[in-house]
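Report on the following structure.
Chains as they are written, first to last, in the numbering used here: chain A, 276 to 1045; chain B, 266 to 554.
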């Protein structure tokens, strides 16, 4: 037996409660379930499993696409400084935390009781205020809490809490205690679903064999609960998931939940209040919203409210909820119930409001906690092993049309030494399994909830981001490919640098400048080999910048992209970091091209052909058409000597991925007319100009956008002009005039597109205090 | 009884047209034992597309209005008429400690004004104002009088030193500020000894110098404080002018602090653009009343 096969040694601490063994040292039944499901406890197997989990979480973007990326502080396309976000690496422990049915039954009952209590406390504090009147809760305490919103006094929303989460922990004597209530915008449900889907892929037989209760149905329960939270009289209510945006530490979860719930993920800029109602700024105009599952803390919700932080948020949304035209889940002001200062009053409040004794009491500060084995890749001896750690369990309760239901399982946080149990500091998570549940239906067939089908509706902001994602992807590809092609030509034939009195260098420099989307300066006298090498570096740097922009745009529209796309984006993010660090070897550039090709392949093959895809493709087609024109102008515009035409035309063809097609078709030396024909007029060449114009025409027609159609038509008409080789002042006249006359309407189209479909002044500004 | 007419104009100019504007205004005076509201009218230009009136948690009248078409300026003109009755001076005094004892059980609408808030925090520096003022068995009216006097004497009115976001700690450290700051100071000091105190927002008539005509439109909205004195009820004090009771004050509303009763709070949605604000308040005694 090799050392790697030895099972890891776990020493349960003496004296306290440990999840693996009872005080006599006999293994607990739940621990045996975990061991059986895992199959092997060898360090090698656990290490491998953790790595697999890392990889799968990464693919979901859960390793935090943006957060792990060394994005420099770039300005986004609106000119605003992109926010720097804290990196929150997050890993999943390969060992689950197992609860048996009896224990879960108790916790579920206790969590549901606590949700009923907190709902009753909120109802009371906003309404009759008996707790305050009877001095059970001092008014001076209530009115001084930072989470108390005076504007809710007098309000009676249909429900305060739709989704509630409670953190519980087992103390060293084995008794369950409460450490934290989450009532404002409880996080962790999406992470729990995500973690389970990862473990299910790693241990499919284990979960089946151990009869682990499934948790996926909980997402459906949440969706039904949200639907039922709609304001009275709203039939076919429409719900959205409201996030603070990619800068929010839990953005990945928001995006994942939106996808799982089948709801739009919206940001501040997507929403506007009009006539007391909430509207989504969609491509086709304003669409009404009835329920907001807010992942935005209530202090960031509405800049008109007192206690608001900053100017983000949706002005008037709290007013809309107050007059009952939109439901917030959870209601504005629900965060009050999680105030730690209220915890001491809860047992008496339970007696008074529910007539019940609280099943769970709060953990006293400084109490010792129970322990559970946690895998560490490098323990105290530097080798992989298991260490005893405290685990905080987060239980999620959803209040639907049939009352509360508690998710059977969920996410646990593993505390590092010195972590306070109530503070969400842990970076290591545990999947929580509930085993032996009877009567829990494996799968519930539910009739489709009354949701409006909003397949064709896309928020303007998302369409905007997808469009720029398409443009950035295409521009990055052009820059990388052009740098690759010119670099290869120079490497293979250093004599080119002297060809045609610097004519080749002039053309190559023009080609590179065009790839960077910069104006070509035709100045044959001043070109040198050194300048060309510098231009190559500039072009690689430009591509890195485009890749950063691409990832930035993509991170705000994850829910419109497939999970495989997430994997590719993760790779592109990593490559971007390397491109920034050093001047990469050419094979590294080839790998970028492979990833970009994968991205465009996924866009074509794995994306539903709705308006979202259409805007992504519009961006791509516009950028590609501009790139073809730019490369022709940059490399073939200068009327260089005949001997330089051959390598330059080959470079243009290769930069546009048309060299092989050219050779197959013409089997001859390069001929200017034939090159231009293939690149500019051949409608069967997917890299050619006319092909892009044809796609643009289809998209614009599908959008029923008359002005856009006219611009595409103008570009197409201009593209019919013939191009000859007449020369004037060192330039090929016809090439220049062709490029100019086609490019003008295309640039106009790009501007018109932004103005027609995206441009909306959406940034709120506080007015001065009067 | 005297009748006052108040014209309060708030005018915003934007460097570029704004697509949407949302405003919350608390401009309508309350009726109190010493004040009767005769009429109130708010006129907004451009005409708002939405208009909702309500009463907030502290009993103040609130207007939410919104403009949903492009506008380069927003004007809020509030015209009100109130009758002021002279408050009868307290016939006796009660020990301040006795008020502290009953305050907690005097109902939510008294006890809520014991709450320290972000703008009226419980600060150690407040004891420099209360030490020696709230001495054993002293009458609450007498003690509050002296507190009002102390703030007036020890603090310098300086409109350049603070804005509405200046923390109370800075005001106490530098002993400078404007009426909002002095009102917050008084409120926080009273709460720190256990007396319920309200922040009051309103207007004050500026008296003309003898022989000179009254200036029109130079006044701003004013703020002062109200303390709960047990059986004596709520007593107003204006530490900015060292007046208790205040003489020529028109009460608009009250709350725990400025943020509860800000006269006009708003958000505009539109391109980034310059913004300018002018406020004028004109308080005149109506001789016809």
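All C-beta atoms in this analysis are idealised placements derived from N, C-alpha and C, irrespective of residue type, glycine included.
When secondary structure is reduced to three states using DSSP, residue 1007 (chain A) falls in the strand class. In the three-state reduction of the DSSP assignment, residue 1018 (chain A) falls in the helix class, which pools H, G and I.
A Cβ-Cβ separation of about 16 Å leaves residue 546 (chain A) out of contact with residue 834 (chain A) under the 8 Å criterion.
If you check each beta-carbon in the segment 393-419 of chain A against every beta-carbon of chain B, the ones closer than 8 Å belong to 404, 407, 408, 410, 413, 414, 415, 416, 417, 418, 419. One Cα belongs to residue 467 (chain A), the other to residue 685 (chain A), and the distance between them is close to 5 Å.
Exclusion of the five residues before and after residue 490 (chain A) leaves 467, 468, 471, 682, 683, 684, 685 as the residues of its chain whose Cβ lies within less than 8 Å of its Cβ.
Flagged as an interface residue toward chain B: residue 549 (chain A), by a C-beta distance shorter than 8 Å. Within the segment 331-349 of chain B, the residues whose Cβ lies closer than 9 Å to any Cβ of chain A are, in chain order, 331, 333, 339, 341. About 6 Å separates the beta carbon of residue 328 (chain A) from that of residue 369 (chain A), a gap short enough to meet the 8 Å contact definition. Residue 307 (chain A) counts as exposed, since fewer than 16 other C-beta atoms from the protein chains shown sit within 10 angstroms of its C-beta. Taking a contact to require three or more Cβ pairs closer than 8 Å, the segment 445-462 of chain A and the segment 622-629 of chain A do not qualify as touching. For residue 396 (chain A), the enclosing alpha helix (DSSP H) has its first and last residue at 376-401. Close CB contacts of residue 276 (chain B) within its chain, under the 6 Å cut and outside five residues either way in sequence, are with 340, 543 (chain order). DSSP places residue 568 (chain A) within a strand segment (E or B) once states are collapsed to three. Counting along the chain, the unbroken beta strand (DSSP E) around residue 442 (chain A) starts and ends at 438-445.
Under a 10 Å Cβ-count criterion, residue 840 (chain A) is classified as buried, with 16 or more other Cβ atoms of the shown protein chains found around its own Cβ.
The beta carbon of residue 432 (chain A) sits closer than 6 Å to the beta carbons of 606 from its chain, once the five residues preceding and following it are set aside; these are given in chain order. The beta carbon of residue 382 (chain B) falls within 8 Å of a beta carbon belonging to chain A, placing the residue at that interface. At a cut-off of 8 Å, the C-beta of residue 277 (chain B) has a neighbouring C-beta in chain A.
With the rule of 3 Cβ pairs closer than 8 Å, the segment 751-770 of chain A counts as touching the segment 812-822 of chain A. Beyond the five residues adjoining it in sequence on each side, residue 531 (chain A) comes within less than 6 Å, by CB distance, of 465, 469 in the same chain, given in chain order. Interface annotation for the segment 577-594 of chain A against chain B: 578, 579, 581, 582, 586, 590, 591, 594, criterion Cβ-Cβ distance under 8 Å. Boundaries of the alpha helix (DSSP H) harbouring residue 408 (chain A): 405-408, taken from the DSSP string. Taking a cut-off of 8 Å for Cβ pairs, the segment 557-573 of chain A and the segment 589-606 of chain A touch, as three or more such pairs fall below it. According to the DSSP assignment, residue 468 (chain B) belongs to the beta strand (DSSP E) that extends over 462-469. If you look at residue 447 (chain B), you'll find it in the alpha helix (DSSP H) that goes 444-457.
Comparing C-alpha distances from residue 420 (chain B) to each of B:521, B:372, B:293, B:449 shows the shortest one belongs to B:449. Contact annotation: the segment 575-590 of chain A does not touch the segment 294-310 of chain B, with fewer than three C-beta pairs closer than 8 Å. The residue from A:403, A:389, A:290, A:295 with its alpha-carbon nearest to that of residue 372 (chain A) is A:295.
At a cut-off of 8 Å between beta-carbon atoms, residue 428 (chain A) makes contact with chain B. Residue contact check for residue 532 (chain B) against chain A: a CB pair falls below 8 Å. Distance from the CA atom of residue 495 (chain A) to the CA atom of residue 687 (chain A), rounded to whole angstroms, is 22 Å. Residue 484 (chain A) sits in a helix when the DSSP states are folded into three classes. Not a single C-beta of chain B is nearer than 8 Å to the C-beta of residue 600 (chain A). Per DSSP, the unbroken beta strand (DSSP E) holding residue 556 (chain A) starts and ends at 552-557. Within the same chain, and ignoring the five residues on either side of residue 654 (chain A) in sequence, the residues whose Cβ sits closer than 7 Å to its Cβ are 660, 662.
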